[in-house]
Structures are given as C-alpha cells and as structure tokens.
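*Asks:* Take this structure, written in structure tokens, and hold onto it; I'll ask about it next.
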Amino acid sequence: MSEKNLTRKRLEKAVESIENLNEGQTEFLQAVREVYGSLAPVLEENPECFDQKVLERISEPERQIIFRVPWQDDNGEVHINRGFRVEFNSALGPYKGGLRFHPSVNLSIIKFLGFEQIFKNALTGKPIGGGKGGADFNPRGRSDDEIMRFCQSFMTELYRHLGENRDIPAGDIGVGTREIGYLFGQYKRIANQYESGMITGKDPEWGGTLVRNEATGYGLAYFVREMLAVQDETLEGKTVVVSGSGNVATYAIEKVEELNGRVVACSDSDGYVYDSSGIDLELVKQIKQVERGRIRVYAERKEGAEFHDEGSIWSITCDVALPCATQNELQADDAKALVENGCMVVAEGANMPASIEAIDILHEAGVAFGPGKAANAGGVAVSALEMHQNASRDALTFDETDRRLQEIMKQIHATCISTARQYGTPGNYIHGANIAGFKKVANSVLALGVI
Ligand code: GLU
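Each residue of the sequence shown is one higher than the one before, counting from 8 in the numbering used here.
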C-alpha cells in the first residue's frame, strides 16, 4: 500500500473509533470530521501521531464536568438547569474558552465548541489550552435579578474547577459583560480573593481590557480585509451581509462600516432585516443592547427597511457574507445562492455556522472561505491579552490593544495561507487553519508524554 493510502486508512480508522465512542454527538462529530479531514498530508509526514494515538487523545476531553444548577425565579418557582464545563486540552496552557447560556446547549454542543477552541487558541499564538462550558438556561425574558441568581448558582458549583492557571471562562452566546460580572462577583466571594485573571470579558472598570467587547467582530473584519487583499481587493464599496445581531455581529458591522463596506442585512432567530440604504448600527445597538429587544423592531423604526420572518438571509446578493449567529446556519442551499449571486468571500464570525456540504460548494466555486477558528479568533486573542494585563496588573490603551489585535489577525491569516500552500492546497483556509493548529497542539501533546 502506498504511503498516501496507508495514511488515509489509518486516519479513517481513527475517525471511525472516535465516531463509535461518541455516538449521537452530531455537532461534535461534525467538528471532528471537519478538522481531521484536513490532516492527511501532515499525518503522512508524522506517522508517530498514529502510533501515539494523538488523534484519539486530542478528541477525548481531559475532563468533563456536568452539574445541576438550581435557581428560583422572581415568583419563587424553582428551576433546574444543566451546567457544563468541558476541559478539553491543556497542552498549550490552562483551559480557555467561553460559556454559552442557551436552551440548545447539550454535551455535543459544548464538546464541538471546546474542540474548535483548542485549535483556534493555538492559532492565536498565545499560551492557552481549549475548553468550553455553559448551560441549557434560556436568558430570554428573564429579569436582571433572575440572571444574577442563575449566574451565582452556576458559579457556586463551577468555582472549584476554575482559576487563572487552571481554567479561565469568558462569554459566548447569552453571556456578556453583565453575566461575567455576576459570575466573577460570586467567584470572588467564595474564593475570598480578587483573582482578576480567572475570567475574561470583564468590564474595563473592574479588571477588563478595552477592545475585548469589540474584539471578535473587529477581528473578523480585519481577517476579511486580509482575505480581500490577497485578491487585490478592499472592503471599500462592498455589499456585506452579516447574520446575527449579538456581540459578534454588532462589532463586525461597526468595523466593516468603518472600512467603508456597506452592510445591508442582519438578523436574529426570528428573521432578518434588509436595509438597502445600509444598516443603521446605532439603531441596532439601541434595540439589542439597550432594550434587549428583537431585531424585527428595526424595520418598524427605519423607513425603507424590511423584516422577513421567512426565507434565508443568504439569498440577498452580496460580495461578502459573514455568518455571525450560530452553528449550522449556512447550509448547502444557502451556499448555492451565495455562489449564484456572485459572493467572493465568506468568513465565519460564529463557531461552525457553515455545514461541511456548504463549505464544499463554496470551495468548488472558488469562493474564499475563512473558517471560524481563524476568522473569529480575535475574541479569544484579546482574552489572552486581558489575562496578560491582569497578571502584570497593567492596562493597555484602546489603540494599543486594537493594534495588537490587528497584528494577531494578520499573523493568523498569513499562517493559514503559508500552511495551505506548504501542504499542497493553496488558498484553502480550512486546511491551512486546521493543519497549523493541529501541528502546534500535537507537537506539545507528544512533548508532554502520555498523560
Ligand atoms: N466564546 C469566544 C470564542 O468562541 C471567546 C472565548 C474566550 O474569550 O475565552 O472564541
């Protein structure tokens, strides 16, 4: 058997065993297939990865914590939610990754997010391992007091697993500065110490870092700027569609507009708004951040804007598409529509928003595709800067942190390009990101022995 075929066989076998071990964990297995599907050329060079069971070791979390989160609503009714923290891999540093509060959360979702996080964090070049957590709690319609009681109950159980050198959470869907405040406050109370570096995404007033709030969205726009530069293009005058209207989408819109792109649509889980005159970001912020309302209100307040609760946001003609909502929001049919309408760049602000079939369609059509673990790494990269600042008890200016974020996104983009070229698939950002991330993690896993 040729070296190539042998590698493919061994890779298939490893993936099969991972599938058997994690039956029914659809999203997690999708993420594993997406990453490991890129690795044949690098495994051919490094057969010791098979002998040392590196693929199996990386796909098995070091520790998985599942716990009960009891809390009382404003009427005194008792609720029970399920909390998770998957401490996936600490070869490069302490576990690092966000917390998601959303009714769809289950072990498969948290494991897919944690698995992605390992390679994303490796790509940032910062000394952070990968982890993820959350709860199947639905914050929608909950009062501030209810959110606080939930966060306190969640942390009362999780605190024993956290620490600035052990495991450092942050935000994700449903967890923003308000929730980080309640979580940090409860940790501080229980641990009886002001350990700033045990969580990131804090308000700059009490230990956070400027730009962290904007970082994922800004970083995405910086990454897209690099992707366009490869094609001798810029964002100037480009029509851009951004799905979502949460933290990532908001600041992606802000930076794209600053770079003179024209964002014409955004969305939430009820539907999307189309505004051909360009999305009014102040109005989005007012509705989503101040009023914590729904995006449909945008069309009621802005003349000429339309709200659609049916159909797909990806049917809108655009040059650049930025899925910033949630996993698997961009399917094969959406990819076909984007290709037909002449889209040139798709980059993931959310984690795994595009299905594997959708990505294949985009690649075949020659659309540049930036995977989340590269394109949305700006958030966790600035989290690493926050940890750095907390450890040195110092604070950087907004401009300095933004400059570093731009540098990091540039470096991640360059790594994707050079790795993809080196391994025979020039222009394929998925292969570039997966191979570069994997190599760094695998080398460290091997160096640290069978642990
Ligand atoms: N939840 C974000 C992500 O998906 C940020 C994680 C962090 O800052 O630790 O990367």
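Heads up, the beta-carbon is just placed ideally off N, CA and C, and yes, glycines get one too.
Small disclaimer: the values here were computed from a predicted structure and weren't measured.
Reducing DSSP to helix, strand and coil, say where His-109 ends up.
*Replies:* coil
*Asks:* So does Gln-334 have its beta carbon nearer than 8 Å to some heavy atom of the ligand GLU?
*Replies:* no
*Asks:* Checking 9 Å against the spacing of the C-beta atoms, do Ala-256 and Gly-356 come in under that value?
*Replies:* yes
*Asks:* Kindly list the residues whose CB is nearer than 6 Å to the CB of Asp-143, restricted to its own chain and excluding five residues on each side of it in sequence; keep chain order.
*Replies:* Asn-88, Arg-89, Pro-110 and Val-112
*Asks:* Would you say the beta carbon of Val-387 comes nearer than 8 Å to a heavy atom of the ligand GLU?
*Replies:* yes
*Asks:* Once DSSP output is grouped into helix, strand and coil, what is the label at Gly-318?
*Replies:* In the structure shown, Gly-318 sits in coil (DSSP, three-state: anything other than H, G, I, E or B).
*Asks:* Any heavy atom of the ligand GLU closer than 8 Å to the Cβ of Ala-384?
*Replies:* yes
*Asks:* Measure how close the beta-carbons of Gly-318 and Ser-284 come, nearest whole angstrom, since I'm counting them as under 8 Å.
*Replies:* The Cβ separation is near 20 Å, so there is no contact.
*Asks:* Does the beta carbon of Ser-250 fall short of 8 Å from some heavy atom of the ligand GLU?
*Replies:* Result no, Cβ not under 8 Å from the ligand GLU.
*Asks:* Just how far apart, CA to CA, sit Gly-373 and Leu-345?
*Replies:* 12 Å
*Asks:* In chain order, what are the residue ranges of uninterrupted alpha helix (DSSP H) at least 4 long that sit wholly in the segment 217-260?
*Replies:* 219-237
*Asks:* Take Ser-97 and list the residues in its own chain whose beta-carbon comes closer than 7 Å to its own, dropping the five residues that flank it on each side.
*Replies:* Cβ neighbours of Ser-97 beyond the five flanking positions: Glu-69 and Gly-136.
*Asks:* What are the start and end residues of the beta strand (DSSP E) that includes Val-85?
*Replies:* 85-96
*Asks:* Taking the beta strand (DSSP E) that Pro-77 falls in, what are its first and last residues?
*Replies:* 70-79
*Asks:* According to DSSP, Pro-330 sits in a beta bridge with which residue or residues?
*Replies:* Ser-250
*Asks:* Could you tell me if Ala-236 is buried or exposed, where buried requires 16 or more neighbouring beta carbons within 10 angstroms of its beta carbon?
*Replies:* exposed
*Asks:* Determine which residues share a DSSP beta bridge with Ala-375 and list them.
*Replies:* Val-352
*Asks:* Excluding the 5 residues flanking Ser-203 on each side, which residues of the same chain have their C-beta closer than 6 Å to its C-beta?
*Replies:* Gly-214 and Asn-397
*Asks:* Assign Ile-197 to one of two classes, buried (16 or more other C-beta atoms within 10 Å of its C-beta) or exposed (fewer than that).
*Replies:* exposed
*Asks:* Within the present structure, is the beta-carbon of Ser-111 separated from the nearest heavy atom of the ligand HEM by less than 8 Å?
*Replies:* Annotation note on the ligand HEM: not contained in the displayed structure, which lists the ligand GLU as its ligands.
*Asks:* In the DSSP assignment, find the unbroken beta strand (DSSP E) run with Ser-362 in it and report its ends.
*Replies:* From DSSP, Ser-362 is part of no beta strand (DSSP E); its letter is neither H nor E.
*Asks:* Hey, Ile-363 and Arg-40 are a contact pair by Cβ (cut 8 Å); roughly how many whole angstroms apart?
*Replies:* 7 Å
*Asks:* In terms of alpha-carbon separation, which member of Gly-208, Glu-26 and Gly-170 lies closest to Lys-195?
*Replies:* Gly-170
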